[in-house]
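Trainee: Take a look at this one; I'll ask things after.
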Amino acid sequence: MKILVTGGLGFIGSHTVVELQNEGFEVIIIDNLSNSSIEVVKGIESITGKEPIFEQMDLRDKQKVRDFFSAYDDIAGVIHFAASKAVGESVEKPLLYYENNLGTLIYLLQELVKKGRANFIFSSSCTVYGQADELPITEDAPVKPAESPYGNTKQVGEEIISDTCKVNPQLAAIALRYFNPIGAHSTAKIGELPIGVPQNLVPFITQTGIGLREQLSVFGDDYPTPDGTCIRDYIHVVDLAKAHVVALQRLLEEKHEENFEVFNLGTGQGSSVLEVIQSFERVAGKKLKNKVVARRPGDVIQAYADTKKANEVLGWKALSTLDDAMASAWKWEQKIRK
Ligand code: WQD
């Protein structure tokens, strides 16, 4: 059974391709290599022994998307990761984000609704909740006005899919709202490859640990939290990847109750920035140089998932601890800096 994975050479995409192949799916990857490396194809094959079909393509080219679906008319499902995802960059370049994240989504959906029965998994984000009023955050929590064009593309993306599913009952879709993905495959053959200075906490920590960065800046320790630093739900990328396979199988086996469903994907456990630093120090056996600086604009104080719906309805649960994920991130960092 063929599955299309857009953005399949990216961080979460590549880990999901591995899990799909492990489950016996034949995977076709579309990626424009704007934020990934062709080497990842080999990394995936070195883990599973199966080479995914790779099509280098930019989904902003509507005709190319059409031609692709004419050439591959036996695709059983699509998992759509391809998108720009740098929050700060999206503030500077909103049109690039709206075109890349929403234009491409529309072109994909236009092809899927032509196909008759189609299955679609959308990469969404807890960023849609902004600073939730209640914690842990359930899927019914109100979607707040987006703090960035990036966050808005996730909110609007979900609405586009929902509206399309309403008038196309043969299209079944699931939006997966990720909390904070971290870590790498246990083989250290694939992992996160941030371009330039990492925006996210864990790659900055491991690059500091390996000596690439002088020290970690802790963005504020005067928040109303136990230790004053922000709290997030850090989920191992392999747990996250496995959730995509479970969600896809839900649609393939027609177990979905509605033809558009939303699931939070987190561990349910909140960890502060200082606790993440302590996790690194435990697994790496060394201190991490860091200093507290001013708050980063746009940061929410706390975000961690209520995992009940994913556990009970999707039948999926994150299994790795923060230390497991941090250890895999550190092993990967050491591997790529050899
Ligand atoms: C986590 C915490 C920072 C870096 C973002 C996107 C979200 C999703 C995941 C795509 C915060 C603190 C960070 C640093 C720090 N991306 N921090 N020093 O902001 O929760 O989520 O990435 O879907 O959409 O918004 O993750 O890792 O950037 O920050 O103190 O050098 O670490 O202030 O409290 P975030 P993050």
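Be aware that the sequence shown starts at 14, since it is given in our numbering, and climbs by one per residue. We put the CB at the ideal spot given by N, CA and C, even for glycine.
Where in the segment 166-225 do unbroken runs of the alpha helix (DSSP H), each at least 4 residues long, occur, reported from the N-terminal end onward?
Mentor: The qualifying runs are 214-222.
Trainee: Can you tell me which of the three DSSP states ALA84 falls into?
Mentor: DSSP places ALA84 in helix when its eight states are reduced to three.
Trainee: Could you spell out where the alpha helix (DSSP H) holding PHE133 opens and where it closes?
Mentor: First-last for PHE133: 131-138, but that is the beta strand (DSSP E), not the alpha helix (DSSP H).
Trainee: When you compare the segment 297-317 with the segment 226-244, are there three or more beta-carbon pairs, one atom per stretch, that lie closer than 8 Å?
Mentor: The segment 297-317 vs the segment 226-244: in contact.
Trainee: Given that a residue counts as buried once 16 or more other Cβ atoms are within 10 Å of its Cβ, and exposed if not, what is GLN144?
Mentor: Classification for GLN144: exposed.
Trainee: For ASP86, tell me which candidate among GLU124, LEU115, LYS75 has the shortest Cα-Cα distance.
Mentor: When each option's Cα is compared against that of ASP86, the closest is GLU124.
Trainee: If we ignore side chains and look at the alpha-carbon of each, how far apart do LYS63 and GLY170 end up?
Mentor: Spanning the two alpha carbons is a distance of roughly 32 Å.
Trainee: With 16 as the cutoff for other CB atoms within 10 Å, does GLN76 come out buried or exposed?
Mentor: Classification for GLN76: exposed.
Trainee: Hey, PRO65 and VAL78: beta-carbon distance below 8 Å or not?
Mentor: It is not a contact, given that the beta carbons lie outside the stated cut-off.
Trainee: Would you say the beta carbon of TYR363 is closer than 7 Å to some non-hydrogen atom of ligand 1?
Mentor: In this structure the chain extends from 14 to 351, so residue 363 is not present and cannot be described.
Trainee: Once DSSP output is grouped into helix, strand and coil, what is the label at LEU17?
Mentor: Strand at LEU17.
Trainee: With H, G and I counted as helix, E and B as strand and the rest as coil, what does DSSP make of PHE38?
Mentor: Three-state DSSP puts PHE38 in coil, outside helix and strand.
Trainee: Mapping the DSSP letters down to three states, classify ILE349 as helix, strand or coil.
Mentor: Three-state DSSP puts ILE349 in a helix.
Trainee: With a CB to CB cut of under 8 Å and the five nearest residues on each side skipped, what residues in its chain are close to THR200?
Mentor: Excluding residues within five positions, the ones whose Cβ falls inside 8 Å are SER59, ILE60.
Trainee: If you measure between the beta carbons of ALA318 and PRO194, is that distance less than 8 Å?
Mentor: No. Outside cutoff.
Trainee: Have a look at ILE16 and ILE88 and give me their C-alpha separation to the nearest angstrom.
Mentor: ILE16 and ILE88: Cα-Cα distance of roughly 6 Å.
Trainee: Can you tell me where the beta strand (DSSP E) holding LYS304 begins and where it ends?
Mentor: Start and end: 303-306.
Trainee: Under 8 Å Cβ to Cβ from PRO239, same chain only, skipping five residues before and after it: list those, please.
Mentor: Around PRO239: SER285.
Trainee: Taking PHE293 as the reference, which of ASN45, LYS344, ILE25 has the closest Cα?
Mentor: Of ASN45, LYS344, ILE25, the residue nearest in Cα terms is LYS344.
Trainee: Which partner residues does HIS249 have in the DSSP bridge list?
Mentor: Its beta-bridge partners are ILE195.
Trainee: Determine the contact status of THR221 and GLN228, defining contact as a CB-CB distance below 8 Å.
Mentor: Yes, the Cβ-Cβ distance between THR221 and GLN228 is below 8 Å.
Trainee: Hey, does ASN277 have any beta-carbon neighbour from chain D nearer than 8 Å?
Mentor: Reference to chain D is not applicable here, since this structure consists of a single protein chain.
Trainee: Decide if ILE248 is buried, meaning its Cβ has at least 16 other Cβ atoms within 10 Å, or exposed.
Mentor: It is buried - the Cβ of ILE248 has at least 16 other Cβ atoms within 10 Å.
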